[in-house]
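Peer 1:
In UniProt numbering, the protein residues as written are 1 to 932.
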């Protein structure tokens, strides 16, 4: 029988203080590089310091327990303690690589040796006899941690396995009539028969928590989920891998005895009871990781410009991308692809190429559901063209423009090749698995060029294990949000049309109708285009692709940003000079900037601005992998996205994002992480400095004697770019928040007193993020003249059900009143006439200005769910147009009058009131899967 857990080694006062000071200093350095703040992991020589805010010492207890009762290699715990709510664990740093790295390329013999060791470790864990009275619990018989089990992180302890199972299903009765839900009946039968026997369990044997050197397992880490659980727990937790780490699912079956019935039951449980988490967290000045930029959002082509647009036939078209970059060698010409039977063009690895020629699959009887008039305008397409048969067939992929069918020549569709890091792990070749680009078009009036692309158009060489299709559900979401973000002046890819494919039945979790979205962007190139080339060592194509983007997409090398006055300490809102000649080298020795460094900085700056917009407007992409990060700085690839409801910095709309990697607060950090990967991909070009065009470097690469210098320079330049990223980010955020709060000027105190405190208040009082700004827009200064008036006005910010139960209404009103007084003082300072008075006319001007930047409508998750239900299940069509009318005009008080393109419009008052009112309590902070 296992002995009780001994006390953890605690440091003396001096050592304890040194550890805390060291961690704070390290954090400061890390914060300057925008790394996450909730969990810290710092390596210092042979030790590792792990900290967690609001954390317990579960992991330290577990590692000490395992070390005392097994031979499993775990980090030795030197010290463990809690200081001011933060746990500190000082432990051994085991040096090894994660099993995930290179697993698929290991030999069968190497895998077998590692798996044999893992099987032995599982046997050892299960041989530990639990102490008398052990509960379903952590190692010391207390609450256990499991981030897979929303809505909370800590569970139990439970006196029996049955109590655990009751908690996992929210304590609903097992004996009710679930005749309509046979799988629930099966789950409850399984729970009734479950054996009340506990075994010691790691709880997260992912490929990321197993360290190896060669063929030897040298460490099992991350024991915070460990404890006493039913026998199946180890298997089901290990099998519950991230969707982008699917290879490990099969590997688990090779070192833990498969339990298919238990795995099925866990799937059913997650299907019904994995509800969203809404747990308040301390964000530790998270506001300082944010900034935003106000784009005037004016389209180059307005309805008043007098330009009527071109027909599809006359719209200028080009194929610059395919003319500038190498094609897949299997289909070196469009004719080679066109002559190949369409069903023979399917998934495979594509090398030494940027794209593959591939036409859309033919679609039978497509139904055009919706067209964005804003998109028609911005593309320069004539109004009314959307009613033609040519338009309907083109947006369904049945008509090709630019291709001569008889001569087998001309412009031809293509799919891009790229890779990516997904959830932080290299995923290999990805590419346009169901997206096919048709052509590039240039708006005759504005001169702006876009690449038109069909999503859901069929199989390509990059479809991997998928079917090349898109379901109506996700297509509606992408169509609406693309145009909604643009209307909010947030940089984004766009959507022209939504087409239903009645003949296409798509298998996801269920059979769903297929659809196609015609979307467009200045460029569809992602950071992942460079990731795949770096992984394959394709130096030539990295250089060629970077040159194409700089010269063709960005408009020329001279359009890129010149060196900052002090690259190590960029000032707020850095405005670099442009117009630097391509061959110019700028900067001091060791940090010389060539044209490829200027190219890198341009991409960094663009992405700093777009992520700042997300933070300022409460938008979350949900899956910010490198293949979902735009080279142009656009919001791109909309899967489990969402707009914020109640302000919660820990909220993630992706229900597979157990670690909150893509949560609201982490978006700035993750975009920078992605940009560092991009910097690594082109680091050789940046690090070469003035030698980047020398013949020997271009043809032979980096020589041994150059390696140290080139690496040092590249690292220096990436570090400097990180400082620039933060400076641009913060400057943009301050500018946008200043405008959203109705201010004309920026003051240093605004950041803490207004911006940060507003978000802290919203979080503490569970206020709706969007309603806060819109309702503030309508507040008149005369309603804030006294403390009592401010307390009375505070009620407009509460939900109908009132403030949260964690505070009294009186305290909530008092807190809001304090903030409103600070805001009132700044409004008076910026808008006052002579003296300290703001006239009624000036106040109305301020109200109008605020309402032009604070939306009355955003397409929240629950609204999109209702829309999908009504279009897909109920067969409604007009409701889609009504949602789009609101999405395209988000700042209006009401939507009667004219449509975007000048037609008479009468809205549905009841819908508009519902969709702009409080979200239903049960449908706030909704989460989605990546399934689409």
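Glycine included, every Cβ here is placed at the ideal spot set by N, Cα and C.
1. Which word fits residue 197, buried or exposed, when buried means at least 16 other C-beta atoms lie within 10 angstroms of its C-beta?
2. Let me know if residue 749 comes out buried or exposed under the rule of 16 or more other beta-carbons within 10 Å of its beta-carbon.
3. Taking the alpha helix (DSSP H) that residue 191 falls in, what are its first and last residues?
4. How is the alpha helix (DSSP H) around residue 842 delimited, first residue to last?
5. To the nearest whole angstrom, what separates the beta carbons of residue 94 and residue 210, a pair I think is in contact under 8 angstroms?
6. Just the Cα atoms here: how many angstroms apart are residue 909 and residue 405?
7. Note the first and the last residue of the continuous alpha helix (DSSP H) segment covering residue 88.
8. Can you tell me which of the three DSSP states residue 620 falls into?
9. Determine the direct distance from the alpha carbon of residue 263 to that of residue 192, and round the result to whole angstroms.
10. Could you tell me whether the Cβ atoms of residue 354 and residue 326 are closer together than 8 angstroms?
11. For the structure I just gave you, are there three or more beta carbon pairs, one from the stretch 576 to 595 and one from the stretch 375 to 395, closer than 8 angstroms?
12. Run through DSSP, which three-state label would residue 503 get?
13. So what does DSSP say about residue 654, is it helix, strand or coil?
14. Can you list, in chain order, the residues of its chain with a C-beta nearer than 7 angstroms to that of residue 411? Leave out the 5 residues immediately preceding and following it.
15. Ends of the alpha helix (DSSP H) at residue 125?
16. Measuring only the C-alpha atoms, how far is residue 709 from residue 687?
17. Starting from the Cα of residue 268, find the closest Cα among 144, 168, 446, 90 and give me that residue.
18. Could you tell me whether the Cβ atoms of residue 349 and residue 429 are closer together than 8 angstroms?
19. Is it true that the stretch 740 to 748 meets the stretch 849 to 862, where meeting means three or more beta-carbon pairs spaced less than 8 angstroms apart?
20. May I ask you to verify whether the stretch 215 to 235 touches the stretch 123 to 139, counting CB pairs closer than 8 angstroms and requiring at least 3?
21. When the Cα of residue 189 is compared with those of 904, 173, 199, 202, which residue comes out closest?
22. Sorted by chain position, which residues of the same chain lie with C-beta nearer than 6 angstroms to residue 813's C-beta, five sequence neighbours on each side aside?
23. For the alpha helix (DSSP H) that residue 734 lies in, which residues bound it at each end?
24. Where do the N-terminal and C-terminal ends of the beta strand (DSSP E) with residue 82 fall, by residue?
25. Considering only the alpha carbon of each residue, which of 338, 631, 194, 251 lies closest to residue 526?
26. How about residue 829: is its C-beta nearer than 8 angstroms to some C-beta of chain C?
27. Which two residues bound the contiguous alpha helix (DSSP H) that contains residue 883?
28. State the Cα-Cα distance for the pair residue 89 and residue 654, rounded to the nearest angstrom.
29. Nearest-angstrom Cα distance between residue 479 and residue 879?
30. Is the beta carbon of residue 80 sitting closer than 8 angstroms to the one on residue 13?
31. What separation, rounded to the nearest whole angstrom, lies between the Cα atoms of residue 548 and residue 324?
32. How many angstroms separate the CA atom of residue 559 from the CA atom of residue 366?
33. In this structure, how does DSSP classify residue 259 when only helix, strand and coil are distinguished?
34. Cβ atoms of residue 20 and residue 83: under 8 angstroms apart, would you say?
35. From residue 110 to residue 252, what does the alpha carbon distance come to, in whole angstroms?
36. If you draw a straight line from the C-alpha of residue 732 to the C-alpha of residue 617, how long is it?
Peer 2: Answer, in terms of the structure:
1. For the purposes of this step, residue 197 is taken as the residue at position 197 of the chain shown. Exposed, since its Cβ has fewer than 16 Cβ neighbours within 10 Å.
2. Here residue 749 refers to the residue found at position 749 when the chain shown is read from its first residue. With fewer than 16 Cβ atoms within 10 Å of its Cβ, residue 749 is classed as exposed.
3. Counted from its first residue, the chain shown places residue 191 at position 191. 182 to 193 is the span of the alpha helix (DSSP H), which, as asked, contains residue 191.
4. The count along the chain shown starts at 1 and reaches residue 842 at position 842. 840 to 851 is the span of the alpha helix (DSSP H), which, as asked, contains residue 842.
5. Here residue 94 corresponds to residue number 94 of the chain shown, with the count starting at 1. Here residue 210 corresponds to residue number 210 of the chain shown, with the count starting at 1. Not quite, the Cβ-Cβ distance comes to about 11 angstroms (not below 8 angstroms), so this is no contact.
6. The residue you call residue 909 lines up with position 909 of the chain shown. The residue you call residue 405 lines up with position 405 of the chain shown. When rounded, the distance between both Cα atoms is 51 angstroms.
7. What you label residue 88 is simply residue 88 of the chain shown in a count that begins at 1. Not the alpha helix (DSSP H): residue 88 falls in the beta strand (DSSP E), residues 86 to 92.
8. Mapped onto the chain shown, residue 620 falls at position 620. It is a strand residue.
9. Within the chain shown, numbered from 1, the residue matching residue 192 stands at position 192. Within the chain shown, numbered from 1, the residue matching residue 263 stands at position 263. Approximately 16 angstroms between the Cα atoms of the pair.
10. Taking the chain shown and counting its residues from 1, one reaches residue 354 at position 354. Taking the chain shown and counting its residues from 1, one reaches residue 326 at position 326. The Cβ atoms of residue 354 and residue 326 sit closer than 8 angstroms to each other.
11. Contact between the stretch 576 to 595 and the stretch 375 to 395 is absent, because fewer than three Cβ pairs lie under 8 angstroms.
12. Within the chain shown, residue 503 is the residue found at index 503, counting from 1. Strand, per DSSP.
13. For the purposes of this step, residue 654 is identified with residue 654 of the chain shown, where counting begins at 1. Three-state DSSP puts residue 654 in a strand.
14. Counting from one through the chain shown, the residue named residue 411 turns up at place 411. 317, 319, 402, 403, 439, listed in sequence order.
15. Position 125 of the chain shown holds residue 125. Counting along the chain, the alpha helix (DSSP H) containing residue 125 begins and ends at 108 to 127.
16. Against the chain shown, residue 709 aligns to sequence position 709. Against the chain shown, residue 687 aligns to sequence position 687. When rounded, the distance between both Cα atoms is 8 angstroms.
17. Here residue 268 is taken as the residue at index 268 of the chain shown, counted from 1. Ranking the options by Cα distance to residue 268, first place goes to 168.
18. Locating residue 349 in the chain shown gives position 349, where the first residue counts as 1. Locating residue 429 in the chain shown gives position 429, where the first residue counts as 1. Contact annotation: residue 349 and residue 429 have beta-carbon atoms nearer than 8 angstroms.
19. yes
20. yes
21. If you number the chain shown from 1, residue 189 lands on position 189. If we check each option's Cα against that of residue 189, 173 comes out closest.
22. On the chain shown, residue 813 is found 813 positions in, with the first residue counted as 1. Cβ within range, chain order: 791, 794.
23. Here residue 734 refers to the residue found at position 734 when the chain shown is read from its first residue. Unbroken alpha helix (DSSP H) run through residue 734: 707 to 740.
24. Taking the first residue of the chain shown as position 1, residue 82 is located at position 82. Taken as a continuous stretch (DSSP letters only), the beta strand (DSSP E) holding residue 82 covers 77 to 83.
25. Indexing the chain shown from 1 puts residue 526 at position 526. It is 631.
26. No chain C is present in this structure, which holds just one protein chain.
27. Taking the first residue of the chain shown as 1, we reach residue 883 at position 883. Where residue 883 is concerned, the enclosing alpha helix (DSSP H) stretches over 878 to 888.
28. Residue 89 sits at position 89 when you count from the first residue of the chain shown. Residue 654 sits at position 654 when you count from the first residue of the chain shown. If I take the Cα positions, the gap works out to 30 angstroms.
29. The residue you call residue 479 lines up with position 479 of the chain shown. The residue you call residue 879 lines up with position 879 of the chain shown. Computed Cα separation, rounded: 14 angstroms.
30. On the chain shown, position 80 is the one that residue 80 refers to. On the chain shown, position 13 is the one that residue 13 refers to. Not in contact: residue 80 and residue 13 (Cβ atoms no closer than 8 angstroms).
31. The sequence position of residue 548 within the chain shown is 548, counting from 1. The sequence position of residue 324 within the chain shown is 324, counting from 1. So the alpha carbons of these two residues sit roughly 7 angstroms apart.
32. As a working note, residue 559 is residue 559 in the chain shown. As a working note, residue 366 is residue 366 in the chain shown. Cα to Cα, the separation comes out at about 43 angstroms.
33. Start at 1 with the first residue of the chain shown, and residue 259 comes out as number 259. Looking at residue 259 - three-state DSSP - the assignment turns out to be coil, as it is neither helix nor strand.
34. To locate residue 83, count along the chain shown from 1; it is residue 83. To locate residue 20, count along the chain shown from 1; it is residue 20. In this structure, residue 20 lies closer than 8 angstroms to residue 83 by Cβ.
35. Position 110 of the chain shown, counted from the start, is the residue given in the question as residue 110. Position 252 of the chain shown, counted from the start, is the residue given in the question as residue 252. Between residue 110 and residue 252, the C-alpha separation is close to 16 angstroms.
36. Position 732 of the chain shown holds residue 732. Position 617 of the chain shown holds residue 617. When rounded, the distance between both Cα atoms is 12 angstroms.
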